[in-house]
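Going by this note's numbering, the first residue of the sequence shown is number 9, and it counts up by one from there.
Every residue, glycine too, gets a C-beta built ideally from N, C-alpha and C.
This one's a predicted model, so the numbers in the text were calculated from it and none came from an experiment.
To start, the structure itself, in structure tokens.
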Amino acid sequence: MDSMDDLQQDLYRIDGKGYRAYKDIQGRRYLEPGDAGFVLHVDYVQGDPFAGPSRMRVRVETGVAGFPEWVSSSKSRRVGLETYLAKEFAAACQTVSTRAGSGKSGKFGNDRPGQEVVERTAVMVTEDAVEARFFVGLPAQGRRVLGRAAAAMLGEDLPRIVAESLLYRALNGDQIREAVEVNEDADALRAGLAEQKLVAIVGDGAVLPRRSGIDQRPMSGEEVRAFESPESLRVTISVPNRGKVSGLGIPEGVNLIVGGGFHGKSTLLNALERGVYNHCPGDGREFVVTRQDAVKIRAEDGRSVTGVDISPFIGTLPGGKGTENFSTENASGSTSQAANVVEAIESGADALLIDEDIAATNFMIRDRRMQELVARDKEPITPFIDRVRPLRDEHGVSAVLVIGGSGDYFDVADTVIMMEEYVPRDVTAEAKAIAAERETGREEEIRALELGKRGGRIPLPRSIDPARGRKEVNVKTRAVDVISFGEETIDLGAVSQLVTESQTRGIASALVWARGRGIIDGKRSVGEILDAVEEQIAREGFDGIAGGRPGGIAAFRRHELAAAVNRLRSLRMVEGRG
Ligand code: ADP
Ligand code: MG
């Protein structure tokens, strides 16, 4: 193997040449010896200073990195550590001087984690090594190689970044301990939910509100009200490091969150929605933990829907169009919400989170007066209020519903939580008493709730086509909520449990992998495809679904992968079965 000195010599040699001369170092490895040593892998070199930056990796051997054994003795701990190191690496990239040049010249960067702790390829800790993946804008003057600047970047700056961010002795041991212990505790809480038959726990002392709609950091200041559980719903779960965590236990079943406007209902539901992920120390939601398979449901008018049986919610449409195999290019509020529920259950959701702020009113409720005015046979919608009990009782799917506007829901609720100036109160008994006293006069609009009676939906392979023009695979993400997939654009704007573009990249890679490997074969159902992707990642890691050892992939749930498939406008299902 060549040394970093050889690399610097090579870079001096190509100084002033055309930019493509940098390609000489692509695919090579260089050894930096010494007690802060590493191996640099140059995986990809950009062809142009204005193109996407070059991708590289450093691997620091375990003995050199010097982390004590306890930091990665479980997967939970390891992911906590990796997330911490990825942030430290990002911070160190910022501190090295930016060398001038054109395009993206002179910059180091990596996939910096935000508030959520999700497994990423940015930093991976294994038994042998700590590996950090990053990008570099190799410096240029116009379109000429700035060899000396590049030699300084890779030969001087990079060893400094490594020494500052990947070696235990250079880092804050207390912060590392906190990062791994908090993550381990959060995973333990999630594991403890099922045993106590809970959908979620909201730890006492948690800070739920965020700085703004576009800033996920915690709100700060005197007006912030820390979370305080009502005694009747307080639960305690033992965790390995902190000992015990107490907080509001949201039970399995049908839960309502009620309360006046601006009293913190949506803030609580949003925290639950994000609680499917762990959070970093200092976030305020470290102990707000939701079941893995809780899925946020909303109305999403305009989305496409392919071959979904929405008949449990929406019967025959005007004109006699059936809804057992429903497709549309442009769903309405209610049909989109119905499709979102059915698809979530198809991907394995065991709890649905719904906020009235973004739900379709006619999907949620029809009151007595409306029942009288609009005859049953003129209304295709069976409102969710008549579906939520059978969903729970027959299919084991719980619900957490923010409902400030309809007391009719008291009849179907198991638990009613009222937010009052950001403080939750258990008002179940009061709500039940009111329900007993004042009947709604509603007629229940029940038809049998059969879900998935047609069996799994089977995507037609050629309808999931990553090709565009002469390129067999032309797929990339454009934001956390946009995948450009072949000639299609997948809009994930309503899929709010995607938290980073790195997850979206993972989903895009998974689709390309599943298509390329013949997993999407016209025989497997959507559920079986999701299983196959999960199995592949479990077996071979994210490199098993994405070529080129990318540093910008993060773990995603099967629900969001399904959401991307389901929103592909070219999607078609295999017809004529059963
Ligand atoms: P609702 O859904 O009940 O109308 P929101 O959840 O949207 O209310 O909250 C209203 C406002 O109160 C938001 O601006 C939010 O940031 C703020 N807020 C929510 N919870 C808290 C809290 N615990 N402490 C301080 N402010 C909060
Ligand atoms: Mg609200």
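Hey, quick one: how far does the alpha helix (DSSP H) through residue i stretch, first residue to last?
| i | result |
| --- | --- |
| Tyr20 | Met12 to Arg21 |
| Val87 | Lys83 to Thr103 |
| Arg532 | Neither: Arg532 is in no alpha helix (DSSP H) and is coded neither H nor E. |
| Asp401 | Val396 to His403 |
| Ser274 | Lys273 to Arg282 |
| Lys440 | Thr436 to Glu445 |
| Thr369 | Thr369 to Met372 |
| Val243 | Where Val243 is concerned, there is no enclosing alpha helix (DSSP H), although the beta strand (DSSP E) it sits in stretches over Arg242 to Val247. |
Could you tell me if the beta carbon of residue i falls within a distance shorter than 8 Å of some heavy atom in the ligand MG?
| i | result |
| --- | --- |
| Gly412 | yes |
| Ser274 | yes |
| Asp416 | no |
| Glu186 | no |
| Phe358 | The question names Phe, but residue 358 in the sequence shown is Asp. Outside the cutoff, so no. |
| Glu364 | yes |
| Gly269 | yes |
Cβ of residue i within 8 Å of any heavy atom in the ligand ADP?
| i | result |
| --- | --- |
| Leu154 | no |
| His287 | no |
| Gly71 | no |
| Glu294 | no |
| Arg218 | yes |
| Gly24 | no |
| Met426 | no |
| Met227 | yes |
| Val435 | no |
| Val210 | no |
| Gly420 | Reading the sequence as shown, one finds Val at residue 420 and not Gly. Flag unset: Cβ of Val420 not near the ligand ADP. |
Sorted by chain position, which residues of the same chain lie with C-beta nearer than 7 Å to residue i's C-beta, five sequence neighbours on each side aside?
| i | result |
| --- | --- |
| Gly586 | With a pLDDT of only 40 at Gly586, under the threshold of 50, the placement of this residue in the model should not be trusted, and no figure is reported. |
| Gly267 | Lys273, Gly412, Met426, Met427 and Glu428 |
| Glu236 | Asp212 and Val431 |
| Ala518 | Val541, Ile553 and Leu569 |
| Ala29 | Ile22 and Val153 |
If you follow the beta strand (DSSP E) that residue i is part of, which residue opens it and which one closes it?
| i | result |
| --- | --- |
| Gly255 | Gly251 to Pro259 |
| Leu206 | Leu206 to Gly211 |
| Thr298 | Val296 to Thr298 |
| Val266 | Val262 to Val266 |
| Val303 | Ala302 to Ile305 |
| Thr423 | Thr423 to Glu428 |
| Arg141 | Ala137 to Val144 |
| Ile225 | Looking at the sequence itself, residue 225 is Arg, so the reference to Ile does not match. Looking at the DSSP string, the run of the beta strand (DSSP E) that includes Arg225 is Asp223 to Pro226. |
| Leu360 | Ala359 to Asp363 |
| Val155 | It is Gly, not Val, that sits at residue 155 in the sequence shown. Element bounds for Gly155: not the beta strand (DSSP E) but the alpha helix (DSSP H), Gly155 to Ala160. |
| Ser406 | Ser406 to Val410 |
| Ser578 | Neither: Ser578 is in no beta strand (DSSP E) and is coded neither H nor E. |
| Met132 | Val131 to Val133 |
| Thr336 | Phe334 to Thr336 |
Which same chain residues end up closer than 6 Å to residue i when comparing Cβ atoms and leaving out the 5 residues on each side of it in sequence?
| i | result |
| --- | --- |
| Met520 | As written in the sequence, residue 520 is Val, which differs from the Met given in the question. Hits under 6 Å: Pro474, Val481 and Val483. |
| Ser240 | Asp434 |
| Ala357 | Asp301 and Val303 |
| Val582 | Ile466, Leu468 and Gly530 |
| Glu172 | Ala100 and Ala178 |
State the CB to CB distance for the pair residue i and residue j, rounded to an integer number of angstroms; the pair is presumed to be in contact (CB under 8 Å).
| i | j | result |
| --- | --- | --- |
| Gly514 | Ile472 | Wrong, their Cβ atoms sit about 17 Å apart, outside the cutoff. |
| Ile169 | Ala208 | In fact, because the Cβ distance is near 39 Å, the residues do not count as touching under 8 Å. |
| Ile318 | Thr343 | 6 Å |
| Glu294 | Asn249 | Their Cβ separation, rounded to whole angstroms, is 11 Å, which puts Glu294 and Asn249 out of contact at 8 Å. |
| His571 | Val503 | It should be pointed out that residue 571 corresponds to Ala in this sequence rather than to His. Rounded, the Cβ-Cβ distance is 5 Å, consistent with contact. |
| Ser113 | Gly145 | 5 Å |
Whose C-beta lies closer than 8 Å to the C-beta of residue i among residues of the same chain, with five residues either side of it excluded?
| i | result |
| --- | --- |
| Ile442 | Gly415 and Phe418 |
| Val47 | Met9, Arg37, Tyr38, Leu39, Glu40, Val66 and Arg67 |
| Glu387 | Arg374 |
Query - 4-residue-minimum alpha helix (DSSP H) runs that sit fully inside the region 163 to 197, ordered along the chain - result: Counting only runs of at least 4 residues, the region 163 to 197 fully encloses the following alpha helix (DSSP H) elements, listed from N- to C-terminal order: 166 to 173.
Query raised in the report: In chain order, which alpha helix (DSSP H) runs of at least 4 residues are fully inside the region 16 to 78?
Result: DSSP runs (the alpha helix (DSSP H)) wholly in the region 16 to 78: 70 to 73.
Report task. Jot down the residue ranges of each uninterrupted beta strand (DSSP E) in the region 477 to 554, minimum 3 residues, whole runs only, in chain order. Result -> The DSSP assignment places complete beta strand (DSSP E) segments of no fewer than 3 residues inside the region 477 to 554 at 483 to 487, 490 to 493 and 496 to 499, in order along the chain.
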